[in-house]
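Asks: Quick one: the structure is below, and I'll ask about it shortly.
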Amino acid sequence: MKKILVIGATSGIGRRLAEMYAARSEVRVGVMGRREELLQEFAERHPGSVASACDLAGPEAELACALEDMEARLGGIDCLVLAAGTGCVNPALDHALERPALLTNVVGWTCIADWAMRYFRSRGRGHLAVITSVGGLRGQGGAAAYSASKAFQINYVEGMRCWAHQQAPAVCITEIRPGFVDTDMARGEGLFWVAPLEKACRQILKALDEERDLVYVSRRWRWVAAVWKRLPTGLLKRMKVG
Ligand SMILES: NC(=O)c1ccc[n+]([C@@H]2O[C@H](COP(=O)([O-])OP(=O)(O)OC[C@H]3O[C@@H](n4cnc5c(N)ncnc54)[C@H](OP(=O)(O)O)[C@@H]3O)[C@@H](O)[C@H]2O)c1
8 MKKILVIGAT
18 SGIGRRLAEM
28 YAARSEVRVG
38 VMGRREELLQ
48 EFAERHPGSV
58 ASACDLAGPE
68 AELACALEDM
78 EARLGGIDCL
88 VLAAGTGCVN
98 PALDHALERP
108 ALLTNVVGWT
118 CIADWAMRYF
128 RSRGRGHLAV
138 ITSVGGLRGQ
148 GGAAAYSASK
158 AFQINYVEGM
168 RCWAHQQAPA
178 VCITEIRPGF
188 VDTDMARGEG
198 LFWVAPLEKA
208 CRQILKALDE
218 ERDLVYVSRR
228 WRWVAAVWKR
238 LPTGLLKRMK
248 VG
């Protein structure tokens with residue numbers, strides 16, 4: 008039986024992916040996130056699944072313990088889907104508002120990604136899937152910490168690919184790079200091409216089944232990304248993004 012762990016499974020993309028996996032008879036699902044009551048509800052609805060709370064913004068030693076415990080209860084992990092993430096618009100550059108994105112998307116995220124890669128190397132195989140963002144391709148004046156944290160993730164994934172090529176060639180990494188998806192996170196003005204959650208998760212699941220390296224969600228965002236990456240900074244400064 009294939010064991011899949013979804014971190015950030017209490018809502019949005021992570022939650023829907025966990026449900027889709029749980030509907031497959033050959034898969035056993037582990038779910039992690041902060042809101043314990045939602046994780047318990049998932050476990051009750053999907054017998055055989057394993058739920059455990061964790062806080063990516065909390066102490067890293069606790070995070071590592073929670074992963075070890077989940078691995079033992081699940082009976083191993085074949086694929087770890089790291090969907091947890093946070094961020095908010097912060098036009099005032101209030102540092103207190105930036106901290107959760109930095110702690111969750113950078114510090115906690117790296118702790119989990121490192122743990123997963125070392126774990127898969129020790130097993131000789133495995134699949135890590137992470138959700139970055141098209142927003143990580145350039146800095147955003149209205150959400151500087153969020154876009155920078157996603158840029159960190161995109162570069163870290165590239166670093167992990169190089170590491171895996173040398174040290175764990177059978178370990179696969181899928182980077183999921185969404186534009187906008189209709190979840191709690193995508194609220195506000197100026198959003199466009201917002202993909203319905205169901206459609207986005209179907210595309211993500213297909214990419215994970217095919218063990219793709221990189222997938223834009225929805226697919227049309229790869230064209231936006233191609234232009235976005237090359238946009239002159241002078242033009243970017245005049246745009247109101249984030
Ligand atoms: N929706 C979009 O338009 C969009 C676009 C680009 C990228 N993304 C990325 O997609 C991923 C999923 O986001 P979503 O759209 O599904 O939003 P969401 O519905 O808000 O889900 C975010 C998930 O992350 C978890 N999480 C947040 N902070 C956490 C922490 N400190 N510790 C543990 N879990 C934490 C949340 O669980 P708890 O609240 O229970 O902790 C929740 O399960 C994120 O990485 C996001 O950056 C989303």
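Counting with this note's numbering, you get residues 8 to 249 for the letters of the sequence shown.
Glycine is no exception: its CB is placed at the ideal position from the N, C-alpha and C atoms.
The structure presented is a predicted model; accordingly, all values stated were derived computationally and were not measured.
(1) Out of E26, L144 and G133, state which residue places its alpha-carbon closest to the alpha-carbon of H53.
(2) Does P239 pass the burial test, meaning 16 or more other C-beta atoms within 10 Å, or should it be called exposed?
(3) So the candidates are R31, L144 and R245; which of them puts its Cα closest to the Cα of A251?
(4) For I183, list the residues DSSP reports as bridge partners.
(5) Does DSSP put S18 in a helix, in a strand, or in coil?
(6) Sort K10, F159, Q173 and R229 by Cα distance to G82 and report the nearest one.
(7) Just to check, is the beta-carbon of L63 closer than 6 Å to a non-hydrogen atom of ligand 1?
(8) What is the DSSP secondary structure of S59, reduced to helix, strand or coil?
(9) Should Q173 go down as buried or exposed, given a rule of 16 or more other Cβ atoms within 10 Å for buried?
(10) Mind checking who K10 pairs with in its DSSP beta bridge?
(11) Where does F49 land, buried or exposed, given buried means 16+ other C-beta within 10 angstroms?
(12) Rounded to a whole number of angstroms, what is the C-alpha to C-alpha distance between V231 and A99?
(13) Contact between the region 131-143 and the region 75-90: three or more CB pairs below 8 Å?
(14) Please report how far the alpha carbon of G148 lies from the alpha carbon of A64, in whole angstroms.
(15) Within the present structure, is the beta-carbon of I138 separated from the nearest heavy atom of ligand 1 by less than 6 Å?
(16) Within the continuous beta strand (DSSP E) that includes C86, where are the two ends?
(17) CB-CB under 7 Å to G92, same chain, minus the five flanking residues each way: which ones, in chain order?
(18) Let me check one thing: in DSSP terms, what residues is V133 bridge-paired to?
(19) If you count every other CB in all the chains shown that lies within 10 Å of the CB of N97, and 16 or more means buried, which is it?
Replies: Put simply:
(1) Position 46 of the sequence shown, counted from the first residue, corresponds to residue 53. Among E26, L144 and G133, the Cα nearest to that of H53 is on E26.
(2) For the purposes of this step, residue 239 is taken as residue 232 along the sequence shown, with counting starting at 1. P239 comes out exposed.
(3) Residue 251 is absent from the model: the chain starts at 8 and stops at 249.
(4) Translated into the one-based positions of the sequence shown, residue 183 becomes position 176. Note: I183 sits in a beta bridge opposite I138 and V222.
(5) One-based indexing of the sequence shown puts residue 18 at position 11. Coil.
(6) If you number the sequence shown from 1, residue 82 lands on position 75. It is K10.
(7) Numbered from its first residue, the sequence shown carries residue 63 at position 56. L63 Cβ: within cutoff of ligand 1.
(8) If you number the sequence shown from 1, residue 59 lands on position 52. S59 falls in the strand class under three-state DSSP.
(9) Your numbering for residue 173 matches position 166 in the sequence shown. When all chains shown are included, Q173 counts as exposed.
(10) Position 3 of the sequence shown, counting from 1, holds the residue named residue 10. The partner list for K10 (beta bridge, DSSP) reads R35.
(11) To locate residue 49, count along the sequence shown from 1; it is residue 42. With 16 or more other Cβ atoms within 10 Å, it is buried.
(12) Along the sequence shown, one-based indexing puts residue 231 at 224. Along the sequence shown, one-based indexing puts residue 99 at 92. About 27 Å.
(13) yes
(14) Here residue 148 refers to the residue found at position 141 of the sequence shown. Here residue 64 refers to the residue found at position 57 of the sequence shown. For G148 and A64, the distance between alpha carbons rounds to 24 Å.
(15) In the sequence shown, counting from the first residue as 1, residue 138 sits at position 131. The answer is yes for I138.
(16) As a working note, residue 86 is residue 79 in the sequence shown. Taken as a continuous stretch (DSSP letters only), the beta strand (DSSP E) holding C86 covers C86 to L89.
(17) Here the question's residue 92 lines up with position 85 in the sequence shown. Cβ within range, chain order: G15, T111, N112 and I138.
(18) For the purposes of this step, residue 133 is identified with residue 126 of the sequence shown, where counting begins at 1. Sequence check: residue 133 is Gly here, not Val. G133 is bridged to V178.
(19) Here the question's residue 97 lines up with position 90 in the sequence shown. Buried is the call here.
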